[in-house]
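With the numbering used here applied, the sequence shown corresponds to residues 13 to 76, in that order.
Remarks on the structure that follows.
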Amino acid sequence: AQTLILAAKARAFLNKRYNVSYRDIQELVLPSLRHRLILNFEGEASGIDVDMILKEVLERVEGK
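Below is the structure:
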């Protein structure tokens, strides 16, 4: 999660903004958190991948 926050701050700075936006987080979630999840056997057998899980989390957060 620290990588996500630091990368979002850097992205905002490079885009000449002082604050991190939700869009910054959206763009950086997959590359910064992908390695943090490990699927169990059931997840692998059902064809789910880590990106699908992270995208679903983002969709649920957007709805709130």
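All C-beta atoms in this analysis are idealised placements derived from N, C-alpha and C, irrespective of residue type, glycine included.
- Bounds of any alpha helix (DSSP H) do not take in S58, whose DSSP letter is neither H nor E.
- Ranked by how close their Cα comes to the Cα of P43, the residues E74, I60, V73, L18 have L18 in first place.
- With distances taken between CA atoms, L16 lies nearest to V41 out of V41, V62, V32, E68.
- Only residues of its own chain outside the window of five on either side were considered, and among them V41, L42, L45, R46, L49 have a CB closer than 8 Å to the CB of L66, listed in chain order.
- Spatial neighbours of A20 in its own chain (CB-CB distance under 6 Å, excluding positions within 5 residues in sequence) are listed in chain order as V32, D36, I37, L40.
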